Amino acid sequence: GEDVEQSLFLSVREGDSSVINCTYTDSSSTYLYWYKQEPGAGLQLLTYIFSNMDMKQDQRLTVLLNKKDKHLSLRIADTQTGDSAIYFCAEIGNQGGKLIFGQGTELSVKP
Amino acid sequence: ETGVTQTPRHLVMGMTNKKSLKCEQHLGHNAMYWYKQSAKKPLELMFVYNFKEQTENNSVPSRFSPECPNSSHLFLHLHTLQPEDSALYLCASSQEGSSGAGELFFGEGSRLTVL
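Going down the list, the protein sequences come from chains A and B.
Per our numbering, the very first residue in the first sequence carries number 33; after that it's consecutive.
Per our numbering, the very first residue in the second sequence carries number 92; after that it's consecutive.
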């Protein structure tokens, strides 16, 4: 079945760049998403990329997609303590089916 | 404020209790979802409703019973749960047919503890 994998933890210093990685198995993925979950809150959509794109930039966020390797990454430039959260990668296939989430990567930003 | 409200935020129940989780969305969306979030595991989709009709039941045990009386409200009725059902239950909504098919709007979740 479809699977999305992420590492569980990432720790960075304030001001550094963070790179959160994700791999997926569904070669028919049409859209790939990054959601952010702050403590005590639900998930919030951060950004998404269509599968025919390699890169998408939105202010401090850069999404890179390597479709051949089924690898997605989220780079956060100048990481701030407010970026501390759990980041979920998710994908949706071309069958218009359900959104498949990874386990989430807990980003810890040290001052 | 995401436009999706869940109550209660915290619930502690015994294995023989019956309780319900409630979700309300103020976004005019036509699809609503229940997800289960356990620590260090992927979000598990439980149920999907489109225009009040259930379109997905992801092999969820019958001790979880969803109810969708209209497109704005979604309930999850709980009965004779097990301790392993303790988790954060997230409700979400979306507008089916829109360009961003995976754009879900989540509530803050109901933290359930089963003793």
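C-beta: ideal position from N, C-alpha, C; glycine also.
Since this is a predicted model, take the numbers as computed values, not measurements.
{"Check": "For the candidate residues A:Ile118, A:Leu40, A:Val36 and A:Glu46, whose alpha-carbon lies nearest to that of glutamine 112 of chain A?", "Outcome": "A:Glu46"}
{"Check": "Measuring only the C-alpha atoms, how far is serine 177 of chain B from threonine 204 of chain B?", "Outcome": "5 Å"}
{"Check": "Between leucine 136 of chain B and phenylalanine 41 of chain A, what straight-line distance do the alpha-carbon atoms span, to the nearest angstrom?", "Outcome": "23 Å"}
{"Check": "Counting pairs of beta carbons, one from the segment 92-101 of chain A and one from the segment 99-107 of chain B, are three or more of them closer than 8 Å?", "Outcome": "no"}
{"Check": "Anything in the segment 64-76 of chain A with a Cβ closer than 9 Å to a Cβ of chain B? List those residues in chain order, please.", "Outcome": "Leu64, Tyr65, Tyr67, Gln69, Gly72, Ala73, Gly74, Leu75 and Gln76"}
{"Check": "Is any non-hydrogen atom of the ligand MN found closer than 8 Å to the C-beta of histidine 168 of chain B, if you look at the structure I gave you?", "Outcome": "Ligands in the displayed structure: none, and consequently the ligand MN is not present."}
{"Check": "Would you say leucine 106 of chain A reaches chain B, if we count a Cβ-Cβ gap shorter than 9 Å as a contact?", "Outcome": "no"}
{"Check": "Starting from valine 103 of chain B, follow its DSSP beta bridges and name the residues at the other end.", "Outcome": "B:Thr204"}
{"Check": "Output needed for serine 190 of chain B: all residues of its chain with C-beta closer than 7 Å, excluding positions within five of it in sequence on either side, in chain order.", "Outcome": "Interpretation of serine 190 of chain B is limited by its pLDDT of 49, a score under 50 that renders its predicted location unreliable; the figure taken from the coordinates is listed afterwards. Within the same chain, serine 190 of chain B has no close Cβ partners at all."}
{"Check": "Please specify which runs of the beta strand (DSSP E), each continuous and at least 3 residues long, are wholly inside the segment 157-200 of chain B, giving them in chain order.", "Outcome": "164-170 and 178-185"}
{"Check": "Could you check the C-alpha separation between threonine 55 of chain A and threonine 93 of chain B for me, to the nearest Å?", "Outcome": "28 Å"}
{"Check": "Does the count of Cβ pairs from the segment 55-74 of chain A and the segment 157-171 of chain B closer than 8 Å reach three?", "Outcome": "no"}
{"Check": "Under the three-state reduction of DSSP, which class applies to threonine 137 of chain A: helix, strand or coil?", "Outcome": "strand"}
{"Check": "What are the residues of the segment 33-60 of chain A that lie near chain B, defined by any Cβ-Cβ distance shorter than 8 Å?", "Outcome": "Val36 and Leu40"}
{"Check": "Taking all protein chains shown into account, decide if lysine 68 of chain A is buried (16 or more other Cβ within 10 angstroms of its Cβ) or exposed.", "Outcome": "buried"}
{"Check": "For glutamine 89 of chain A, go through chain B and note every residue whose CB falls closer than 7 Å to its CB, in chain order.", "Outcome": "Correct list: empty, because the minimum Cβ distance to chain B is about 18 Å."}
{"Check": "By how many angstroms is the C-alpha of phenylalanine 120 of chain A removed from the C-alpha of leucine 169 of chain B?", "Outcome": "27 Å"}
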